[in-house]
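Chains as they are written, first to last, in this note's numbering: chain A, 1283 to 1562; chain B, 186 to 440; chain C, 298 to 577. Note that beta-carbon positions come from the ideal geometry of N, C-alpha and C, so glycine has one too. Note that the structure is a prediction, hence the values are computed from the model and not measured.
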Amino acid sequence: MSSYTGRGRSLVAALVGILRSTVVRFGLGACLIGLWQYFAIQAGSIFFPPPSEIAKRAFELWLSGPPSRLFLGEGVFEDILPSLFRLLAGWSLAVGIGITLGALIGRSRRISELLDPSLQFLRAIPGPALVPVFILLLGTESMMRIVLIAFGSVWPVLLNTIEGTRTVDPLQLDTASAFKLPRRARLWRIVLPSAMPKIFAGMRVSLSLAVILMVVSELVASTDGIGYRILNSQIMFLLTDMWCGIVLLAVIGYTLNTLFVKVEDHVLNWHRGARGRLTT
Amino acid sequence: MLAVKDVQFAYSPGQTVIANIGFEVTAGEIVSIVGPSGCGKTTLLKILAGLLVPTEGNVEFQSQPVRGVPAGLAMVFQEYSRSLLPWATVHDNIELPLRYKKIDSLSRARLVSESLEAVALSGFGDHYPWQLSGGMQQRVAIARALAYQPKLLLMDEPFASVDAQTRADLEDLVAAVRARFDITIVFITHDIDEAVYLSDRVIVLSKSPTTVLDRVAIELPRPRDQIVTKAMQQFVDKRSAIARLIRRPISDISQ
Amino acid sequence: MNESLGTTNARADIMRFVGSSVGGRVASALRVVIGILAFFLILEFITSLGLLPAIYLPRASTVIQRMVELVVDLKFLKHVLATLGAWSVGLAVATLISISVGVLIGTSELAYKMTSPVIEFMRPIPSVALIPLAILLWGQGFPMKVILVAYATAWPILFNTVYGVHDVDPIAVQTARCFGLKQRAIHWRISLPSAAPLIFTGIRISAPIGLIVVISAELLASADSGIGSYILFVSLHGGHMDSVLAGAAIAGLLGVLINSAFGMVDHRLFAWRYFGAPAQ
Chain A
1283 MSSYTGRGRS LVAALVGILR STVVRFGLGA CLIGLWQYFA IQAGSIFFPP PSEIAKRAFE
1343 LWLSGPPSRL FLGEGVFEDI LPSLFRLLAG WSLAVGIGIT LGALIGRSRR ISELLDPSLQ
1403 FLRAIPGPAL VPVFILLLGT ESMMRIVLIA FGSVWPVLLN TIEGTRTVDP LQLDTASAFK
1463 LPRRARLWRI VLPSAMPKIF AGMRVSLSLA VILMVVSELV ASTDGIGYRI LNSQIMFLLT
1523 DMWCGIVLLA VIGYTLNTLF VKVEDHVLNW HRGARGRLTT
Chain B
186 MLAVKDVQFA YSPGQTVIAN IGFEVTAGEI VSIVGPSGCG KTTLLKILAG LLVPTEGNVE
246 FQSQPVRGVP AGLAMVFQEY SRSLLPWATV HDNIELPLRY KKIDSLSRAR LVSESLEAVA
306 LSGFGDHYPW QLSGGMQQRV AIARALAYQP KLLLMDEPFA SVDAQTRADL EDLVAAVRAR
366 FDITIVFITH DIDEAVYLSD RVIVLSKSPT TVLDRVAIEL PRPRDQIVTK AMQQFVDKRS
426 AIARLIRRPI SDISQ
Chain C
298 MNESLGTTNA RADIMRFVGS SVGGRVASAL RVVIGILAFF LILEFITSLG LLPAIYLPRA
358 STVIQRMVEL VVDLKFLKHV LATLGAWSVG LAVATLISIS VGVLIGTSEL AYKMTSPVIE
418 FMRPIPSVAL IPLAILLWGQ GFPMKVILVA YATAWPILFN TVYGVHDVDP IAVQTARCFG
478 LKQRAIHWRI SLPSAAPLIF TGIRISAPIG LIVVISAELL ASADSGIGSY ILFVSLHGGH
538 MDSVLAGAAI AGLLGVLINS AFGMVDHRLF AWRYFGAPAQ
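Below, the structure written as structure tokens:
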């Protein structure tokens, strides 16, 4: 019967499709890495070690520990985990403060207009410019870095929350009034959900800012952390180690961003649908 | 049920939108309010709902003066896509006002399913508003108002944003709902046919600064039918009379 | 017509026009001034309380005094120019390259599919992580800063250009084809203008990022000129907090000026984008 050939044909077609999409997706990246590998070995420059060397060294640094520790090496516990901890602590602090303050400020039009210029100023101060300030005020321990990360990355969340809570559709507020919803219901069920898309956008920018600040705070007067590792390796001319750190940061940045986008998509699935259908 | 007494409304001194409006609504009636564009119909509805305070005059709902939104009142707006909450399912949208009326969850569930059934949307509780068509969304808004078990239902040009066929279905739905739940309905429309078709009385408003031009009683038999009723002589006569009032008010008042 | 207060877009538009007349502008200017004054007064009050000794947290008025001194100090102005110079050149280079490459990628469906994953991966890499490498390769001066800024700012612009060009409204393109426009004309008259706001937004986003990167680089490279190096120098030699804070504050003001300038240009050039959609 032709059903077997039919099934076979569609199976082949499916495989070809998967192959093609894989090539398209990863083709360019693989090519670039391949080119890098080739030219690095040819030129032999110490500044650009081949990817194979980098991968090997990364393995030595981070994945060659005892089985009891999930094969994680010393470097993970000395540098990676503290860095990630500071990053997430600082960012969560920024998000918590940003959303809370933002919702409070956004409720009043007058207050948000009055505060706007000052907030714009504070947000425009480049975080790295404040590193010396924070060091002088708070020392060089982890707490200082967490506060620095929080202070630097609160602004996108704060400002976006203010804008999000201010631009709630007046018709939805009228509906809340018409059905006599109490004040806390207005806030939690109308204002905040309505502001969610903007808040999430702010959180996303805030996350990438937090990563930058984490690295910068570890490049200055630090004794541990991924940033410190990169700088230290550069000073000691261990260039492969330095590149390991750089690649690690790329992976961390990419992973955090992807995770965030997945969460955002899930929480805001109504937004994508509604946006396509708005008739007004 | 509702008494509107010499209501006046001005945005600011000198910008009077509503000069003087007064009428009464008895329980169980369907009253529609028609008027030319810009005559403050929506403003009037907001005043009736207690969302706006009139500059002069007052409104009494069940013999109590209206201060703020009174209990026992529900509203349906014209822009359903902006009035329904896009992040909540149909079920949650309808249930939301009930949560703050101190009704236990079993009764809430019952009310929600009853109202969905009344608007012929049973089984759509899990959908999101944007997944439904315009007419269906407006039906959800009506269901939400119904589940609230109001004595008075205010509707602001509820069918202006849907196509003609859907509008006819929704009009019949409103009539059926009134019959089944015995509520009073006040609705605003610019569509004279719709006003005459649905109502027991039509309040005709003038241009701004607005006054009441006439209160027309409609004595068409119920239940009404889109084709039969609209072919009746009385329908045509009332319809023309109101249309003339709105289109050329000055020359026709003398008639 | 729906004349409900505040829920009609027509009414919001009218209000906006009223607000933009002279009276409205005076009112909002007044609010800005009051807001800034209030902000300063609150800061002055907090810093006068003496919670920390003045060497750690000087009074706001002292800092402002120092700011004024710095702004007229030629040596400091040289620093400012060094920073702004590297920033603007880097941004310009990035804009040129990113727009050119972005247009090429955006118009080819295959190129778009192949390069998207790579761009998505490169996007979240914190460019500050490359500072040690950049210092090794290009020293501590102007060229290093320019290259770093260019690298950091290239990605958001590239990203926005690709998506802007790729997501042109197909109906607009089809209409143009019906009127007999050739591919090149469609390019210049439909795709580019349609993508322009998004491209400009990309530039607008990357501007402050560039500023952060250049100041970080100056901080870390102990460069001989630049606001970052000034701040570092002052904090290391005696920790004159008023100067450190003044430097950071001036960097912040620069950021505000840059953001406002971009904002104004955005509204001027792309006002059509804001008035087309409903006031939401």
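CB of residue i within 8 Å of CB of residue j, strictly
i              : j              : result
residue 305/B  : residue 362/B  : no
residue 344/B  : residue 379/B  : yes
residue 1364/A : residue 1506/A : yes
residue 1410/A : residue 532/C  : no
residue 374/B  : residue 203/B  : no
residue 512/C  : residue 380/C  : yes
residue 1446/A : residue 1477/A : yes
residue 1498/A : residue 425/C  : yes
residue 260/B  : residue 339/B  : yes
residue 1444/A : residue 1378/A : no
residue 453/C  : residue 499/C  : yes
residue 381/B  : residue 427/B  : yes
residue 322/B  : residue 314/B  : yes
residue 1439/A : residue 1376/A : yes
residue 446/C  : residue 507/C  : yes
residue 240/B  : residue 316/B  : no
residue 559/C  : residue 493/C  : no
residue 220/B  : residue 431/B  : yes
Residues that DSSP places opposite residue i in a beta bridge
i             : result
residue 369/B : 337/B
residue 388/B : 218/B and 400/B
residue 187/B : 210/B and 246/B
residue 193/B : 241/B
residue 203/B : 194/B and 395/B
residue 260/B : 339/B
Where residue i meets chain A, residues with beta-carbon distance less than 8 Å
i             : result
residue 282/B : 1461, 1462 and 1463
residue 200/B : None at all; the shortest Cβ gap to chain A is about 20 Å.
residue 236/B : 1456, 1459 and 1460
residue 522/C : The premise fails here: residue 522/C is roughly 15 Å from chain A at the closest Cβ pair, so nothing lies under 8 Å.
residue 194/B : Those within 8 Å of residue 194/B in chain A number zero; the least Cβ separation is about 17 Å.
residue 414/C : 1307, 1308, 1310 and 1311
For residue i, the nearest candidate out of the options (CA to CA)
i              : options                           : result
residue 1317/A : 1329/A, 1433/A, 1333/A and 1515/A : 1333/A
residue 1386/A : 1470/A, 1535/A, 1550/A and 1291/A : 1470/A
residue 1392/A : 499/C, 331/C, 565/C and 365/C     : 331/C
residue 1482/A : 1442/A, 1301/A and 1454/A         : 1442/A
residue 354/B  : 285/B, 409/B and 298/B            : 409/B
residue 339/C  : 439/C, 568/C, 423/C and 358/C     : 358/C
residue 270/B  : 1451/A, 1538/A and 1357/A         : 1451/A
residue 283/B  : 200/B, 386/B, 236/B and 335/B     : 335/B
residue 278/B  : 312/B, 253/B, 347/B and 251/B     : 312/B
residue 1431/A : 1371/A, 1288/A, 1306/A and 1339/A : 1371/A
residue 1464/A : 291/B, 317/B and 256/B            : 256/B
residue 1553/A : 272/B, 401/B and 212/B            : 272/B
residue 1416/A : 1401/A, 1433/A and 1494/A         : 1433/A
residue 386/C  : 569/C, 441/C and 453/C            : 441/C
residue 375/C  : 543/C, 541/C and 527/C            : 527/C
residue 213/B  : 224/B, 225/B, 230/B and 366/B     : 366/B
residue 355/C  : 485/C, 566/C and 538/C            : 538/C
residue 1305/A : 427/C, 455/C, 472/C and 410/C     : 410/C
Neighbouring residues, chain B, relative to residue i (Cβ below 7 Å)
i              : result
residue 1552/A : 271, 272 and 313
residue 1235/A : Lying before the first or after the last residue shown, residue 1235/A is absent from chain A, which here runs from 1283 to 1562.
Per-residue contacts from residue i into chain A (C-beta, under 9 Å)
i             : result
residue 454/C : The premise fails here: residue 454/C is roughly 15 Å from chain A at the closest Cβ pair, so nothing lies under 9 Å.
residue 556/C : 1402, 1405 and 1406
residue 259/B : 1460 and 1461
Distance between beta carbons of residue j and residue i, contact taken as under 8 Å
i              : j             : result
residue 416/C  : residue 431/C : Contact flag wrong, Cβ pair sits at about 21 Å.
residue 383/B  : residue 356/B : 6 Å
residue 1459/A : residue 254/B : 6 Å
residue 496/C  : residue 458/C : 5 Å
Contact set between residue i and chain C, taken where Cβ atoms lie within less than 8 Å
i              : result
residue 1309/A : 411
Proximal chain A residues relative to residue i, where beta-carbon distance stays under 7 Å
i             : result
residue 336/C : 1400
residue 538/C : 1418
residue 329/C : 1399
Cross-chain neighbours of residue i in chain B, by beta carbon under 9 Å
i              : result
residue 1475/A : 270, 271, 272 and 273
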